[in-house]
Each structure stands twice: as C-alpha cells, then as structure tokens.
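First the structure, in the form of structure tokens, and then the observations on it.
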Amino acid sequence: MTRVHDLAHGRAGDKGNTSNISVIARDTASWELLRRALTEEVVARAFARVASGPVRRYELPGLKAFNFVIEGALGGGVTRSLAQDQHGKGLSYLMLAIDLPDGNTPNAGEGA
Amino acid sequence: MSRVKDRLRIGVGAGFADDRVEPAGQLVERADLDYLVFECLAERTTARESLSLAKDPEAGYTPRLAERMERVLGPCLERGTRIVTNMGAANPPAGARLARRLARDMGLGDLSVAVVEGDEVTECLRARPDLPLLESGAPLESILPRLVSGHAYLGADAVSAALDTGAFVVMTGRVADPSLFLGPALHHFRWAVDDWSRIAAGSLAGHLLECCCQLTGGCFADPPVLEVPDLANLGHPFADIGAEGQLELGKCPDSGGRLDIATCTQQLLYEIHDPAAYLTPDCQLDVTGVDFVQTAPNQVRVVGARARPPTESYKVTVGYHDGYIGEGQVTYAGPNAVARARLAGEVILRRLADRGFVYEETRVDLIGLSSMHGEGEGRPEPYEVRLRVAARAPDRAAAAAVGFETRAMHVNGPAGGGGGSDPVVREVLAAASVLLPRTLAPWRVMLMEGPS
Numbered sequence: 027m028t029r030v031h032d033l034a035h036g037r038a039g040d041k042g043n044t045s046n047i048s049v050i051a052r053d054t055a056s057w058e059l060l061r062r063a064l065t066e067e068v069v070a071r072a073f074a075r076v077a078s079g080p081v082r083r084y085e086l087p088g089l090k091a092f093n094f095v096i097e098g099a100l101g102g103g104v105t106r107s108l109a110q111d112q113h114g115k116g117l118s119y120l121m122l123a124i125d126l127p128d129g130n131t132p133n134a135g136e137g138a
Numbered sequence: 026m027s028r029v030k031d032r033l034r035i036g037v038g039a040g041f042a043d044d045r046v047e048p049a050g051q052l053v054e055r056a057d058l059d060y061l062v063f064e065c066l067a068e069r070t071t072a073r074e075s076l077s078l079a080k081d082p083e084a085g086y087t088p089r090l091a092e093r094m095e096r097v098l099g100p101c102l103e104r105g106t107r108i109v110t111n112m113g114a115a116n117p118p119a120g121a122r123l124a125r126r127l128a129r130d131m132g133l134g135d136l137s138v139a140v141v142e143g144d145e146v147t148e149c150l151r152a153r154p155d156l157p158l159l160e161s162g163a164p165l166e167s168i169l170p171r172l173v174s175g176h177a178y179l180g181a182d183a184v185s186a187a188l189d190t191g192a193f194v195v196m197t198g199r200v201a202d203p204s205l206f207l208g209p210a211l212h213h214f215r216w217a218v219d220d221w222s223r224i225a226a227g228s229l230a231g232h233l234l235e236c237c238c239q240l241t242g243g244c245f246a247d248p249p250v251l252e253v254p255d256l257a258n259l260g261h262p263f264a265d266i267g268a269e270g271q272l273e274l275g276k277c278p279d280s281g282g283r284l285d286i287a288t289c290t291q292q293l294l295y296e297i298h299d300p301a302a303y304l305t306p307d308c309q310l311d312v313t314g315v316d317f318v319q320t321a322p323n324q325v326r327v328v329g330a331r332a333r334p335p336t337e338s339y340k341v342t343v344g345y346h347d348g349y350i351g352e353g354q355v356t357y358a359g360p361n362a363v364a365r366a367r368l369a370g371e372v373i374l375r376r377l378a379d380r381g382f383v384y385e386e387t388r389v390d391l392i393g394l395s396s397m398h399g400e401g402e403g404r405p406e407p408y409e410v411r412l413r414v415a416a417r418a419p420d421r422a423a424a425a426a427v428g429f430e431t432r433a434m435h436v437n438g439p440a441g442g443g444g445g446s447d448p449v450v451r452e453v454l455a456a457a458s459v460l461l462p463r464t465l466a467p468w469r470v471m472l473m474e475g476p477s
C-alpha cells in the first residue's frame, strides 16, 4: 500500500457546500502515480461518508498538482453545517490518508 | 510631478476576521510597503454585521477594526504606506469614522478615508424574488421572508477610484478579495481594466495574498515531512508588482515561516474550482499556465497568469435566518469508552424526540474517532472519546434542549461520563449566493477628510 500522504501534500478550501482539495506531488514519479491511481472514483469512495459528490479532478501538470472539487462536502454549507469542522479544513488529510492499491509505488515501472 | 514608481509593493495585514494583529505591524515596519491590505470578511460577516447595524447605526464594521488600526496607523503614516481594507463590512462609513477618531486620539492628525459604498443590495433583492440561488437552484423568494441582507462583491475599479481621491485609507464593505489588491495596481499604474495580461497578474497577486500567512507557511506544517521554520513567529507576505505585470512574492524580513514553490502552489489552488476560470468581478482568471520560480530564499517569481473578460454579473452573498443550532459535549474514557459514548448519543436523541422536539438535522460525533472524517474501517479505538451532539431547529427551545440533555449524561446516562460542556445555542445566519446584473449595484466613493 502507498498512502497519498507519502506522495503529496495539499490544502482544503471551502465555498458554500463545496470543498476543493489540492494534491501536490512531491516529484514527477509521484505525480504520474497519482495521475493513474488517484481517480475521481477513488476519491469519491474515500469521501462517501462525508460528501454526497460528485467529485471532479482538474490536472495541473506544470505544477505536478491536482485540484479536486468535491460537492456536497460541507454539511449543507459552512454557515449552517452541524459539523465540528464547518469549513472542512481537515478534509485535506482525509485525501492524504487514502491508501492506493498495491502495485502503485513511486518506483513502479521506469520511475523518474 | 513625481515619476510613477515602476514597482509597487503591496503587503497583507490580515487574511480573515480573527487573524493575528502584531505581524501586520512588523510587516509595515520592516518591508517598505506602498500599500497594506486587510481582508477580513467571511461569507456571513456582512449579514452578521447588518444585524449589528440594525441595533446601532454606528456599529456594523468588523470587531477588530480598532485593534488593527491602532497597531498600524502610526507606522503606516510615518512611511506613507496607504491602507486598503474591507473591514467596513456592513457599515463602511462608521468604520471610517472610527478610524479617523482613532487617528485623532493617537495624535496622528486628520486621517483622510475614502469610503466605497453600493455593495449593499438588500432592497434590490427584495424586488427580484425570481433570482435563482446558485447553491440549490431554488428561487430567492424561498428565503425572502428570512432575508437579513445582500451584498455584492464589487471589483478593483471601485478600490482604484477610491484611491484616486488621494485618501490615505480606503474603507470598503464587500469587495472581492483579489480586487482589494488589484485596485492599488490599477490606481498606481493606470492599467486599463481590459489590459488582460496585467489584470491577470494583479488578480493573481491578490488571490495569492488574500489568505495572508497561508502563503508563507501557515496551514502547512506537517512535521517531519513538511517543516516550517519558526512557525510561532510566522511572517506576513507581500507582492512586488511591476508596471508590465511582473510579479514577485516576498515575506516579512526577520520573521518565521517559509515562502517557496510548495507553499505557493497550495495557495494558488486554495478555494479555486476550475483552474482555467476563477471568476472575479475583474476577470476570469486562468491559472493553468502559472509557474513559480524560486529566485532567492523566501522570494518567488510568478509567471503565466492569463485572464479573460469578467462575466456581466456581480456575485451577491445573501444572508438569511436559518433557525438555531444547539450543541453539547461529554467525555468517556477507559474500557468501553466508545460503546458508552455511542449509547449516550442514542439516549440523548431519544429523549429529545420524546420531549416532542423536531429537528431539521441532527448529528452525533465521536471526537477522537469520527468527528472530522466520518466513520472509517480499521481505526483503533481511542482510549477516550468526546461525544458531541448537535442539531438544527427552527425554534430556540429545541436547540437549547440539545446541550441540556447532553450534560444530563453526567447523572442520567451511561457510566463514567464527565466534563459536560455548557449548553451552546447559536442563531444560524446562513449564506447563499445569487448573480445580479452589475447595473443594479452602482458603487460610489465618499471622501471623509478635514474637521468633522
């Protein structure tokens, strides 16, 4: 298992009931691995308990970064949420806690 | 006539209403700024302050306005660092009067303040019940009876016009965050509002600066993987903007934190959805071609911002009453702590229902296990866990009962529950958004100077 936290860092932001979470790869090999394995489906599954979705992934190859936009993630919106973490500040670490399936290690294949 | 400086240095003094105060003063004293910008309005702040204004005509600005101004007015006046801020919230004229009074009381003389008005569009909204709420698609009509206020996000043109008056301070209500920073560049360089490469650079500078220390190592440290030097002494960032739209970022000298490609990339994507179309009142900013170059320690050059014309509408934040939230907490520790906490949660909800209270939504959290990321498989049971019960209801009594029944767990619940919190009840001021044609929110500038 490779954890996203081993490959990347990121930050969560809020707008209304939508959370956006950046995932920024530490190097080119990690970027390529994440591009393959950290799909919208994988993220939607990891967030199923806290977000209704959908999840959209934007790629920024020049910065080796992704922007995940996750709808229905903030308990109806920051201002009326019952959650302790109304802004979803801590959701970046739910993203970073995702374990990618075996075979996804940074040095798999040619590496970089 | 003095030559226009070909490089403008804009620093940020605050990135949210409760941001720290002292580092803004250090930035002014050490970084040779031309402008200091305070961004202090959250989504709901204008609605909350509209309620303050309804009770007191001299209230309605952000609560820490005086504290911030007292710290920076002296050093700013001494160095000629002009101030731009949205701390006026729902009552910029009152915020301006307070700043002017503080300057007089501090022996700093007459402080000229340009006030931007026109963002408040509450009455205009009442006449447009058909407007759809962006979040739900429901018509504005559905919340009109509970409407508190509506404020449009004005753009950099308003800020620039306010600076054109020559006022030392610009006091606004709702202005889009990046526009607070683009405004000084428009004013200083006389950029055309459709000079898209320069508008892009100025807007990107604003976007990167508007959350203040999130650019310089705040909300970043994750030791030992991501270290932030001297986080306790975190310093604020500034941007050097060139006449041609060149952009270089820096950090307060002799402060903690870090400014590098990693911190810049995190902030670039902060609260952005489609990176090719970040909508501001000034442009549609495209950051997909942005690149960062570390030019020196804690110094980063930014290139590649692009922009297209803005949309025809202003985004308007609509604040409305949405009932009450009640909350209570109690802690369990030792063997079976989680099972006892879960039982307590069930008992509390059952008692609330038996008393006839009806809630729109209830929530039971086990802090230490599942309050932040929901339930998950394979997590070890914590030694202790804090139960948190929260519920939202249209009436205050139902909300108040939540904390009451939670603290009752001390005596009437499972074994060993302690540390019950004082019951919390708060009124919910919810925020939604609509789009309004720009022509319906004409802004204006009012200059306050001289003896009053």
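Residue numbers (the working numbering), protein chains in the order written: chain A, 27 to 138; chain B, 26 to 477. Glycine included, every Cβ here is placed at the ideal spot set by N, Cα and C. Predicted model, so just to flag it, every value in this text is computed and none were measured.
Item, Value
"Which same chain residues, not among the five before or five after Arg107 (chain B), have their C-beta less than 6 angstroms away from its C-beta?", "Tyr60, Phe193"
"Would Ile50 (chain A) pass as an interface residue toward chain B - the criterion being a Cβ-Cβ separation below 7 angstroms?", "yes"
"Determine whether the beta carbon atoms of Arg294 (chain B) and Ser48 (chain A) lie at a separation below 7 angstroms.", "The identity of residue 294 (chain B) in the sequence shown is Leu, whereas the question assumes Arg. Closer than 7 angstroms, so yes."
"With 16 as the cutoff for other CB atoms within 10 Å, does Lys90 (chain A) come out buried or exposed?", "buried"
"Taking Leu78 (chain B) as the reference, give the member of B:Asn116, B:Gly243, B:Asp43 with the closest Cα.", "B:Asn116"
"Per DSSP, what are the beta-bridge partners of Leu310 (chain B) in this structure?", "B:Tyr303, B:Ala332"
"State whether the region 135–147 of chain B contacts the region 170–190 of chain B, with contact taken as three or more CB pairs (one from each stretch) at a distance under 8 angstroms.", "yes"
"Which residue spans inside the region 106–152 of chain B form an unbroken alpha helix (DSSP H) run of at least 4?", "117–130, 147–151"
"Chain A partners of Gln291 (chain B), CB-CB under 8 angstroms?", "His35, Gly36, Arg37, Ser48, Ile50"
"Please report how far the alpha carbon of Leu472 (chain B) lies from the alpha carbon of Ala84 (chain B), in whole angstroms.", "19 angstroms"
"How big is the Cα-Cα spacing for Glu400 (chain B) and Asp40 (chain A)?", "22 angstroms"
"Which of the three DSSP states, helix, strand or coil, is assigned to Asn107 (chain A)?", "Contrary to the premise, residue 107 (chain A) reads as Ser rather than Asn in this sequence. If DSSP states are grouped into helix, strand and coil, Ser107 (chain A) belongs with coil."
"Alpha carbon to alpha carbon, what distance is there between Phe245 (chain B) and Pro322 (chain B)?", "18 angstroms"
"Output the distance between the C-alpha atoms of Pro203 (chain B) and Asp32 (chain A), rounded to the nearest integer angstrom.", "33 angstroms"
"Does any C-beta atom of chain A lie closer than 7 angstroms to the C-beta of Leu461 (chain B)?", "no"
"Given a threshold of 16 other Cβ atoms within 10 Å of its Cβ, counted over all protein chains shown, does Thr464 (chain B) qualify as buried or as exposed?", "exposed"
"Counting only beta-carbon separations shorter than 7 angstroms, does His398 (chain B) have a partner in chain A?", "yes"
"Cβ atoms of Val318 (chain B) and Leu205 (chain B): under 7 angstroms apart, would you say?", "no"
"Report the option in B:His212, B:Ala422, B:Glu474, B:Gly329 whose CA atom is closest to the CA atom of Asp316 (chain B).", "B:Gly329"
"With Gln354 (chain B) as the anchor, note down where its alpha helix (DSSP H) starts and where it stops.", "Unbroken run through Gln354 (chain B) is the beta strand (DSSP E), 338–358; no alpha helix (DSSP H)."
"Reducing DSSP to helix, strand and coil, say where Thr431 (chain B) ends up.", "helix"
"Could you check whether the region 430–446 of chain B touches the region 362–380 of chain B, counting it as contact only if at least three pairs of C-beta atoms, one from each stretch, sit closer than 8 angstroms?", "yes"
"Between Leu304 (chain B) and Ile168 (chain B), what straight-line distance do the alpha-carbon atoms span, to the nearest angstrom?", "25 angstroms"
"Quick one: which chain A residues come within Cβ less than 9 angstroms of Ala456 (chain B)?", "Gly42, Gly103, Val104, Thr105, Arg106"
"Listed in chain order, which residues of the region 67–101 of chain A have Cβ atoms closer than 7 angstroms to some Cβ of chain B?", "Arg75, Val76, Tyr84, Leu86, Gly88, Leu89, Ala91, Asn93, Val95"
"Closest Cβ-Cβ distance between Leu60 (chain A) and chain B: below 7 angstroms?", "no"
"Where DSSP assigns a beta bridge to Pro164 (chain B), which residues make up the other side?", "B:Pro157"
"Would DSSP call Arg326 (chain B) helix, strand or coil?", "strand"
"Met26 (chain B) to Phe263 (chain B), Cα distance in whole Å?", "Any reading at Met26 (chain B) needs caution, since the residue's pLDDT is 43, under 50, leaving its predicted position unreliable; the model's value is listed next. Using only the alpha carbons, I get a separation of about 27 angstroms."
"Closest Cβ-Cβ distance between Leu126 (chain A) and chain B: below 7 angstroms?", "no"
"Does Leu64 (chain A) come within less than 7 angstroms of chain B when only Cβ atoms are used?", "no"
"Using a cut-off of 8 angstroms between C-beta atoms, extract the partners of Asp111 (chain A) located in chain B.", "Ser396, Met397"
"Quick one: grab the DSSP three-state call for Leu229 (chain B).", "helix"
"With 7 angstroms as the limit, tell me which residues of the region 62–80 of chain B have their beta carbon closer than that to any beta carbon of chain A; keep them in chain order.", "Glu68, Arg69"
"Using beta carbons (cut-off 7 angstroms, strictly below), is Leu251 (chain B) in contact with chain A?", "yes"
"Counting C-beta neighbours from all protein chains within 10 Å, is the total for Val383 (chain B) 16 or more, i.e. buried, or is it exposed?", "exposed"
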